[in-house]
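In UniProt numbering, the protein residues as written are 1 to 179.
Backbone N, C-alpha and C define an ideal beta-carbon position, used for all residues, glycine too.
Since the model is a prediction, treat every value here as computed from it, not as a measurement.
Following this line, the structure appears as structure tokens:
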């Protein structure tokens, strides 16, 4: 009698990064990547991607609409390390350099069906006044070398994130519906 190997289950993520509200900024693009545990492995689709540059809508909401598709399948033998999606939003500063406008992360929904997630975004800040001045003067704002750190607890001890960006009536969200 043959010994049965460990059973696996599949997690299929199919959805889109729909839109965001950053009232102070225009001409932004979005990057996504997934962070998951050691027992997880992607079996189909793309683990990361980058959207087109979008401008604010002309209506009252002034939404940045990407409708950026996401389609990936993972396999695992246990739910530990359930996948998270990490979003990074970038846009030009006054000097024309691409700088980070927000980071955010959310777990992929645990239950099947149609879901809509609002992801609060934040930007890291320099820890001292001298660092703030230097980064402003050089035109290089603080940013993570690996955006995946946003979804992990390790390595963030010295990070000083700013509070969520204000944008009445909602705090700078990006929408992530998963169907």
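How about residue i: is its C-beta nearer than 9 Å to some C-beta of chain C?
{"i": "residue 131", "result": "This model lacks chain C altogether; it includes just one protein chain."}
CA-CA distance, residue i and residue j?
{"i": "residue 125", "j": "residue 97", "result": "17 Å"}
{"i": "residue 137", "j": "residue 131", "result": "10 Å"}
{"i": "residue 105", "j": "residue 72", "result": "17 Å"}
{"i": "residue 123", "j": "residue 143", "result": "8 Å"}
{"i": "residue 116", "j": "residue 127", "result": "34 Å"}
{"i": "residue 171", "j": "residue 118", "result": "Reliability of the predicted coordinates at residue 171 is poor, the pLDDT of 32 falling under 50, and no value is obtained from them."}
{"i": "residue 183", "j": "residue 88", "result": "No statement about residue 183 is possible, as the shown extent of the chain runs from 1 to 179 and does not include it."}
{"i": "residue 49", "j": "residue 153", "result": "23 Å"}
Just to confirm the assignment, what range does the alpha helix (DSSP H) spanning residue i have?
{"i": "residue 132", "result": "129–138"}
For residue i, report the span of its beta strand (DSSP E) as first-last.
{"i": "residue 53", "result": "Looking at the DSSP string, residue 53 is not in any beta strand (DSSP E), and its letter there is neither H nor E."}
{"i": "residue 6", "result": "No beta strand (DSSP E) contains residue 6, which DSSP labels as neither H nor E."}
{"i": "residue 32", "result": "29–35"}
{"i": "residue 66", "result": "64–76"}
{"i": "residue 102", "result": "98–107"}
Kindly list the residues whose CB is nearer than 7 Å to the CB of residue i, restricted to its own chain and excluding five residues on each side of it in sequence; keep chain order.
{"i": "residue 39", "result": "76, 77, 78, 80 and 81"}
{"i": "residue 135", "result": "126, 141 and 142"}
{"i": "residue 58", "result": "none"}
Leaving out five residues before and five after residue i in sequence, what residues of the same chain have Cβ atoms less than 6 Å from its Cβ?
{"i": "residue 60", "result": "none"}
{"i": "residue 36", "result": "81 and 83"}
Measuring CB to CB, does residue i end up less than 9 Å from residue j?
{"i": "residue 74", "j": "residue 34", "result": "yes"}
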